[in-house]
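This report refers to the structure that appears directly beneath it.
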Amino acid sequence: MTVRPVRPDDVPAVVGLVRELADYEKALHEARLTEEQLAGVLFGESPALFGHVAEIDGHVVGVALWFLNFSTWRGTHGVYLEDLYVQPQHRGAGLGKELLRALAEVCVQRGYSRLEWSVLDWNTPSIEFYKAAGVPAQCWLTDMDGVLVHEERALPGAAEFLQRLVEKERRFLVLTNNSIFTPRDLAARLARAGLQVPEESIWTSALATADFLATQLPGGSAYVIGEAGLTTALYEVGYTLTDTDPDYVVLGETRTYSFEAITRAIRLIGRGARFIATNPDVTGPSPEGPLPATGSVAAMITRATGAEPYFVGKPNPMMFRSAMNRIEAHSESTIMIGDRMDTDVVAGIEAGLETVLVLSGSTAAADVPRFPFRPSRICDSIADVIELV
Ligand SMILES: [Mg+2]
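Position 324 of the sequence shown, counted from 1, bears residue number 323 in numbering that gives the first Met the number 0, the numbering being contiguous throughout.
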């Protein structure tokens with residue numbers, strides 16, 4: 000078994016593999032590549048495409064076709080993998096991995112930091128193949144409490160994990176269902192715990208809610224029960240905050256629930272305002288014991304009005320989908336890390352992501368088998384996730 004750069008005499012075999020791949024992707028009718036074209040782009044005066052082939056006993060059985068790209072956002076060069084294919088009968092022997100290793104070597108030699116690729120969302124066999132071939136995840140979503148911090152203290156390995164994401168130029172967001180704080184507040188809170196996370200890399204249920212409303216009804220109005228995290232997010236997407244005839248009543252986390260505000264929310268919903276809540280959590284943590292949270296207050300409003308809210312935060316996978324849009328992530332190359340089976344992991348699965356459960360927060364190892372779904376991987380803590388980046 001050999002992996003080597005493609006040669007002119009491989010062209011007929013490579014065209015054959017491209018057609019097999021198109022057939023595998025149920026799109027054979029769209030594959031119009033000819034041998035002349037491929038020879039031209041690979042070996043013409045200014046090559047537009049590069050390739051490596053995997054050979055067994057003199058037969059070409061696998062191919063990686065790639066080109067050079069430049070990220071205008073990050074200002075860095077990289078390699079973009081156009082096609083990776085190994086004939087099904089030769090899979091499982093590590094040929095896909097070898098082809099990717101050859102590309103990674105190209106990146107190292109040229110000083111490139113990115114190896115990117117994309118597979119159509121619906122194409123499960125291809126996604127599984129790419130994953131099995133060991134392409135590292137491009138994007139990471141990580142929960143905050145119980146994964147990176149616990150009661151304002153950084154958990155062991157959290158700083159190193161964030162540093163590794165930056166070194167490897169991975170796109171990432173730190174997620175929280177808490178809608179009290181703005182990203183700036185949270186970045187400052189994390190910095191006090193010794194974790195450097197820029198505010199652009201924080202995604203809260205308040206931001207997800209604002210993003211959702213801006214898509215549903217651009218330039219709408221809302222009556223808000225919440226703190227700066229939520230009001231700022233809504234202002235920033237162009238929402239008007241009002242207590243007269245709003246399009247929505249938006250309920251978020253607050254530290255001081257006012258009977259007056261809840262009464263107003265109930266009356267506005269009674270008059271036709273749509274009911275949205277940032278997150279369904281019924282309690283939040285405090286050093287003295289649990290505090291009633293958004294879900295509990297939502298239940299009171301529901302009881303009084305008969306109206307159920309639409310919850311945007313976890314476990315609604317919407318929270319992850321909007322986060323992924325924000326960093327231009329694809330589900331097949333994104334990993335989600337969380338400490339709760341019933342929110343992080345289930346939402347990650349529903350958003351089509353690979354999931355990592357860490358046992359440093361809410362869910363204990365003994366609880367995992369009770370759930371009817373399981374994470375892709377279980378780690379003791381974020382310290383064990385560093386090597387996966
Ligand atoms: Mg958590």
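Built from N, CA and C at the ideal position, the CB exists for glycine as well.
- In the displayed model, Pro124 falls within a helix according to three-state DSSP.
- Residues of the same chain with a CB within less than 7 Å of the CB of Phe310, apart from the 5 flanking positions on each side, are Ala276, Asn278, Pro279 in chain order.
- A Cβ-Cβ distance of about 16 Å is found for the pair Asn315 and Ala292, leaving them out of contact under the 8 Å criterion.
- Each of Asp142, Met143, Asp144, Gly145, Val146, Gly337, Asp338, Arg339, Asp343, Gly360, Ser361 has a C-beta closer than 7 Å to some heavy atom of ligand 1; these make up the full list, in chain order.
- For the region 280 to 319, the full-length alpha helix (DSSP H) segments reaching 4 residues or more read 293 to 304 along the chain.
- Around Leu358, the same chain offers Ala364, Asp379 as residues with beta carbons nearer than 6 Å, after the five sequence neighbours per side are excluded.
- When the alpha-carbon of Ala227 is set against those of Ala209, Val344, Gln88, Phe258, the nearest one is in Ala209.
- DSSP places Val40 inside the alpha helix (DSSP H), whose first and last residues are 34 to 42.
- Out of Ala63, Ser112, Asp144, the CA that lies nearest to the CA of Ala132 is found in Ala63.
- Leaving aside the five residues that flank Pro245 on each side, the residues in its chain whose CB is nearer than 7 Å to its CB run, in chain order, Ser220, Ala221, Tyr222, Leu267, Ala272.
- If you look at Thr354, you'll find it in the beta strand (DSSP E) that goes 353 to 357.
- When C-beta atoms of the region 77 to 90 are compared with those of the region 17 to 25, three or more pairs fall below 8 Å, so the two segments count as touching.
- Between the region 105 to 124 and the region 32 to 41, the count of C-beta pairs closer than 8 Å stays below three; the two stretches do not touch.
- Sequence-distant Cβ neighbours of Gly269 in its own chain, meaning closer than 8 Å and more than five residues away, are Thr304.
- If only uninterrupted alpha helix (DSSP H) runs of at least 4 residues are considered, those enclosed by the region 203 to 237 are 204 to 215, 227 to 235.
- The region 106 to 172 contains, as complete beta strand (DSSP E) runs of 3+ residues, the segments 113 to 116, 138 to 142 (chain order).
- Rounded to the nearest whole angstrom, the CA to CA distance from Glu235 to Thr181 is 12 Å.
- Per the C-alpha coordinates, the member of Arg90, Asp144, Ala187 positioned closest to Gly283 is Asp144.
- Unbroken beta strand (DSSP E) runs of no fewer than 3 residues, entirely contained in the region 328 to 353, are found at 333 to 337, following chain order.
- The Cβ atoms of Ala205 and Leu229 sit closer than 8 Å to each other.
- With a cut-off of 8 Å on Cβ pairs, the region 103 to 117 is not in contact with the region 138 to 156, counting fewer than three such pairs.
- Less than 8 Å divides the Cβ of Ala264 from the Cβ of Val248.
- Across the structure, Pro46 and Lys130 are spaced so that their CA atoms are roughly 29 Å apart.
- Under the DSSP definition of a beta bridge, Pro4 partners with His51.
- By the neighbour-count criterion, in which 16 or more other beta carbons inside 10 Å mark a residue as buried, Ala26 falls on the exposed side.
- Separation of Val344 and Val148 (C-alpha to C-alpha, rounded to the nearest whole angstrom) is 18 Å.
- Counting along the chain, the unbroken beta strand (DSSP E) around Asp82 starts and ends at 75 to 85.
- When the five nearest sequence neighbours on each side are left out, the beta carbons in the same chain lying within less than 8 Å of the beta carbon of Val355 are those of Ile334, Met335, Ile336, Gly337, Pro374, Ser375, Arg376, Ile377, Cys378, Val384, Leu387, in order along the chain.
- Residue nearest to Leu102 within the set Ser330, Trp116, Phe128, Arg369 is Trp116 (criterion: CA-CA distance).
- Counted as a single uninterrupted DSSP element, the alpha helix (DSSP H) harbouring Phe258 occupies residues 258 to 269.
- By the criterion of a C-beta distance shorter than 8 Å, Glu151 is surrounded in its chain by Arg188, Arg191, Ala192, once the five residues flanking it on both sides are discounted.
- The beta carbon of Ile55 sits closer than 7 Å to those of Met0, His89, all from its chain and outside the five residues before and after it, given in chain order.
- Val60 places its beta carbon 8 Å or farther from that of Val13.
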